[in-house]
Structure formats: C-alpha cells, structure tokens
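A.B. asks: Heads up, the first sequence is in my numbering, so the first residue is 4 and it goes up one at a time. Here a beta-carbon is modelled for each residue, glycine too, at the ideal position from N, C-alpha and C.
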Amino acid sequence: MPELPEVESFRRYFEATALGQKVVRLEINAPKIVQSPIAEVESALINHTLVSTDRIGKYLFVQTSANKTLMLHFGMTGELEYFRDIDLTPRFTRVLFWLENGFLAFTDPRKFGKLAVGNSIAEFQQAKKLSTDALTITLTEFAKNLGKRKMPIKSALLDQKVAAGVGNWIADEILFQAKIHPQTLVWQLTTEQIALMYQKMQAILRLAVQHEAYYRDFPRDYLIHSRGWTDEEPANCPNCDSKIPHIYISGRASYYCEQCQNLII
DNA sequence: CCCCATGTTGTAGG
DNA sequence: TCCTACAACATGGG
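The structure is reproduced here in structure tokens:
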C-alpha cells in the first residue's frame with residue numbers, strides 16, 4: 004500500500020532484515036519490473052553488501068558496496084518480505100534477493116513496481132524530476148512548486164514534482180482537514196490555505212509514519228475511515244455526519260465532504 | 001462477468 | 001514550448 008508512510012515502513016523493514024548483508028544471488032521472475040540491464044543490476048548487487056538506505060517520497064534507495072544505488076518503487080501493490088526458508092517464498096514474488104542469511108522478496112501482484120540501478124540518488128531524482136520529500140520540504144518550496152497552475156488542487160497534490168510522496172488517500176486527507184474542496188483550482192488558493200495544507204500534510208505524514216501506515220489506528224476524525232476502503236464500513240463525515248460522496252478527478256477517486264469542504268469559484 | 005484499485009508515464013490536444 | 005487530461009500498463013479481488 005505504498006504511499007510515503009508505507010515506503011518509510013518498507014525502508015525500516017529493509018534495514019532490519021537485509022542491511023549489512025551480502026547479496027549472493029538474484030532471481031528475476033518478472034523482467035519488466037527491472038528497468039536497468041540485468042548485467043548492471045547483477046554487477047551492482049551480487050557479492051556486494053547492502054550498505055545503507057534512503058527514501059524520497061515513494062522511492063526507496065539502497066547503496067551497495069559496489070558504490071551503486073539500487074532504486075525500488077512499489078507501484079500500487081509492491082511489498083517487501085523477508086524469510087529464512089526458500090520453501091516459504093511468497094506468492095507474487097517478482098524479484099528475489101538471496102542474502103547470506105535469508106531471502107528478501109519484492110512481491111508485486113500487479114507488476115507496476117520498478118527496480119533500477121544507477122550511480123546516485125541525485126541522478127534518479129533529476130531523471131524523475133522528483134520534488135523534495137514531503138516530510139522535509141519547506142512551506143516556501145511547497146508553495147513555489149504548486150505555482151499558479153490551473154488544475155484542481157487534488158491533481159496537483161498527486162504530482163510528485165510538488166511534494167514527493169503524497170498519494171491518493173493522503174491528498175484527500177490533507178484537503179479534508181484543510182477544508183478545501185478537491186476541485187478548487189490551484190491559482191485560486193490563498194496563501195493561508197496553502198500554509199494550512201502544508202501544516203496538515205506534515206501532521207498527517209508524521210502520524211501515519213508513527214503508526215506504520217496502519218490506518219485503522221488513525222484518529223477517529225480522519226477522513227480515511229469514511230471512504231469505504233477495503234473491508235471497513237463506509238461512514239459519514241466525522242465532523243458533520245453528512246454522507247461522503249466520491250467523484251473522479253483526473254481519473255482518480257476523490258472522497259470529500261460537501262458540507263465541510265467549500266468549492267470557491 | 002464486470003468493475004475497481006494505494007502509481008507513473010507517454011501521448012494527444014489545446 | 002508549456003500545460004493538462006487521460007489511456008495504458010498487468011493483475012487480483014470483490
């Protein structure tokens with residue numbers, strides 16, 4: 004479930020299970036996920052140690068002792084799973100890292116995930132035109148990246164050039180808590196509204212990372228409980244109890260409260 | 001069977 | 001050239 008908080012959990016999981024270990028073998032079951040030539044991936048990893056991890060937005064980076072950077076992106080359904088017994092290899096394993104002391108599987112049923120090797124994080128960040136991570140970005144940069152564009156704010160928040168790591172539910176949650184209608188055009192937002200979105204974004208991300216992205220533990224007044232998401236009952240607005248509708252904005256389902264989030268046009 | 005899905009990217013059109 | 005909308009990607013699950 005990879006938005007910024009989930010990927011941060013994956014990063015910590017990677018550190019806890021695989022860091023400091025040597026890769027002894029690599030098994031690639033879904034070649035389309037691998038974006039670099041196999042020979043480059045192998046020379047960056049095989050017989051090399053996994054030295055450190057970093058994260059920008061939804062991208063996880065691993066430095067190897069070959070002085071190369073491994074990039075992992077989890078698409079919609081990617082996850083990491085460490086295990087000791089090869090017979091326990093999970094379903095949907097697309098890439099399997101054989102380590103000295105166990106196995107790390109990159110699982111991804113939908114195969115939208117990506118894995119690549121490069122020389123540095125900066126190289127990837129430039130190539131993807133990726134913004135600063137949403138947890139460390141300043142208000143000034145956030146406002147500058149939003150600019151005066153004419154698209155709905157919901158679409159702009161999903162643009163990884165604005166604040167790296169914001170995904171669909173986080174964008175909805177930011178707008179709900181800031182009481183801004185998702186279809187409000189960016190150029191119409193006031194300085195105060197942008198500052199408020201920024202504060203909410205920081206608070207939501209910090210809380211989600213603290214809870215390891217386990218949304219059931221989020222505060223009761225978060226919109227996320229109201230979207231009829233996975234196996235939970237859809238609920239009404241935690242503030243005003245009105246029904247939460249959903250609309251599509253540039254192809255993505257967007258949940259909001261008609262009473263609490265005003266559309267200014 | 002039909003529809004939906006947590007993301008990114010290439011392309012078409014203005 | 002810049003900006004925006006949207007289909008496409010591949011697959012499982014309700």
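Taking DSSP's pairing of strands, which residues face PHE86 in a bridge?
C.D. replies: Within the first sequence, numbered from 1, the residue matching residue 86 stands at position 83. Answer by DSSP bridge pairing, in chain order: PHE106.
A.B. asks: Report the partner residues of GLY150 according to the DSSP bridge assignment.
C.D. replies: Along the first sequence, read from residue 1 onward, the residue named residue 150 stands at position 147. Beta-bridge pairing links GLY150 to no other residue.
A.B. asks: LEU29 and LEU48 - do their beta-carbons sit closer together than 8 Å?
C.D. replies: As a working mapping, residue 48 is identified with position 45 in the first sequence. As a working mapping, residue 29 is identified with position 26 in the first sequence. Cβ atoms of LEU48 and LEU29: closer than 8 Å.
A.B. asks: In its own chain, which residues sit with a C-beta less than 8 Å from the C-beta of GLU18, not counting the 5 before and 5 after it?
C.D. replies: As a working mapping, residue 18 is identified with position 15 in the first sequence. Cβ within range, chain order: THR56.
A.B. asks: Just tell me which of THR141, PRO248 and ILE59 has its CA closest to the CA of GLN129.
C.D. replies: The residue given as residue 129 occupies position 126 in the first sequence. Answer by Cα proximity: ILE59.
A.B. asks: What I want to know is whether the C-beta of ALA47 ends up closer than 7 Å to one or more non-hydrogen atoms of the ligand FMN.
C.D. replies: The ligand FMN is not part of the structure shown, which contains no ligands of any sort.
A.B. asks: Taking only three categories from DSSP, how would you classify LYS131?
C.D. replies: Position 128 of the first sequence, counted from the first residue, corresponds to residue 131. Correct three-state label for LYS131: helix.
A.B. asks: Output the distance between the C-alpha atoms of TRP172 and TYR251, rounded to the nearest integer angstrom.
C.D. replies: Translated into the one-based positions of the first sequence, residue 172 becomes position 169. Translated into the one-based positions of the first sequence, residue 251 becomes position 248. About 13 Å.
A.B. asks: Just the Cα atoms here: how many angstroms apart are VAL189 and VAL26?
C.D. replies: Within the first sequence, numbered from 1, the residue matching residue 189 stands at position 186. Within the first sequence, numbered from 1, the residue matching residue 26 stands at position 23. Going from the Cα of VAL189 to the Cα of VAL26 covers about 46 Å.
A.B. asks: Taking one C-beta from the region 140-153 and one from the region 82-89 each time, how about it: are there three or more such pairs within less than 8 Å?
C.D. replies: Taking 8 Å as the limit for Cβ pairs, the verdict is that the region 82-89 does not touch the region 140-153.
A.B. asks: Do you know offhand how far SER158's Cα is from ALA174's?
C.D. replies: As a first step, residue 158 is located in the first sequence; it is residue number 155 there, counting from the start. As a first step, residue 174 is located in the first sequence; it is residue number 171 there, counting from the start. Straight-line Cα distance between these residues: approximately 9 Å.
A.B. asks: When burial is assigned at 16 or more other CB atoms within 10 Å of the CB, is LEU107 buried or exposed?
C.D. replies: As a working mapping, residue 107 is identified with position 104 in the first sequence. Result: buried.
A.B. asks: Below 8 Å, how does it come out for the region 180-198 and the region 110-129: are there three or more Cβ pairs, yes or no?
C.D. replies: Contact fails: fewer than three Cβ-Cβ distances are below 8 Å.
A.B. asks: Tell me, which residues are paired with VAL119 by DSSP?
C.D. replies: Translated into the one-based positions of the first sequence, residue 119 becomes position 116. Inspection of the sequence shows that residue 119 is occupied by Ala rather than by Val. MET74, per the DSSP bridge assignment.
A.B. asks: Using the Cβ count rule (16 or more neighbours within 10 Å means buried), how would you classify CYS240?
C.D. replies: Residue 240 sits at position 237 when you count from the first residue of the first sequence. The residue is buried, with at least 16 neighbouring Cβ atoms inside 10 Å.
A.B. asks: Between THR96, LEU118 and TYR225, which lies nearest to VAL37 when the distance is taken from Cα to Cα?
C.D. replies: Along the first sequence, read from residue 1 onward, the residue named residue 37 stands at position 34. That would be LEU118, whose Cα lies nearest to the Cα of VAL37.
A.B. asks: Can you tell which of MET74, ALA238, VAL44 and PRO40 has its C-alpha closest to the C-alpha of VAL10?
C.D. replies: Taking the first sequence and counting its residues from 1, the one referred to as residue 10 is at position 7. Here the closest residue by C-alpha is MET74.
A.B. asks: Should PRO93 be labelled buried (16 or more other beta-carbon atoms within 10 Å of its own) or exposed?
C.D. replies: One-based indexing of the first sequence puts residue 93 at position 90. The residue in question, PRO93, is exposed, as its Cβ has fewer than 16 Cβ neighbours within 10 Å.
A.B. asks: Report yes if the CB atom of THR135 is closer than 8 Å to the CB atom of ASP111, and no otherwise.
C.D. replies: The residue labelled residue 135 in the question sits at position 132 within the first sequence. The residue labelled residue 111 in the question sits at position 108 within the first sequence. No, these two residues do not count as a Cβ contact at 8 Å.
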